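Structure first, then comments.
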Amino acid sequence: MERWIIRGVAALCAVGGFGLAWAFGAFAVIPLRGGRVFQMNGTEIQLVAISFVGTAVVGWGALHLLGLADRETSPRAYRLLRVGYGAALAAAAAAGATWSAARVLAA
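In terms of this note's numbering, the sequence shown opens at residue 18 and continues consecutively.
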């Protein structure tokens, strides 16, 4: 029962990580497409940096909680889950970038 509670909390953290990764992609694509990555103003730097750091911290927390629940009992499944979660975070960032490029940059 305890493992399922930990997995549930880890799943909530993972969903939060997906949202932050999506926000990172949405905010990072605008200066990237404009060719002004190194000329961002302070607000843009804060948006990109906070969403990136938030994604990293929340993702680490989710994987840490999953490690508490599953690392000892099924290490192979835990390794596969880590790789899958990393790929899903990258896909969420790409989805945010695609959404932002289609809506904000097209206007």
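Backbone N, C-alpha and C define an ideal beta-carbon position, used for all residues, glycine too. Since the structure is predicted, the reported quantities are computational estimates derived from the model, not experimental observations.
For A104, the enclosing alpha helix (DSSP H) has its first and last residue at P92 to R120. Between G34 and G76, the gap from beta carbon to beta carbon is short of 7 Å. Excluding the 5 residues flanking it on each side, R88 has same chain C-beta neighbours closer than 7 Å at Y95, in chain order. Contact between the stretch 35–54 and the stretch 107–118 is established, with three or more Cβ pairs separated by less than 8 Å. The Cβ atoms of A43 and V65 lie no closer than 7 Å to each other. Using a Cβ distance threshold of 7 Å, A27 and L98 do not count as a contacting pair. Nearest to R120 by alpha-carbon distance, out of I47, A108, A110 and I62, is I47.
Straight across, the Cα-Cα distance linking R93 with N58 is about 44 Å. Note on geometry: alpha-carbon atoms of C30 and G71 lie some 11 Å from one another.
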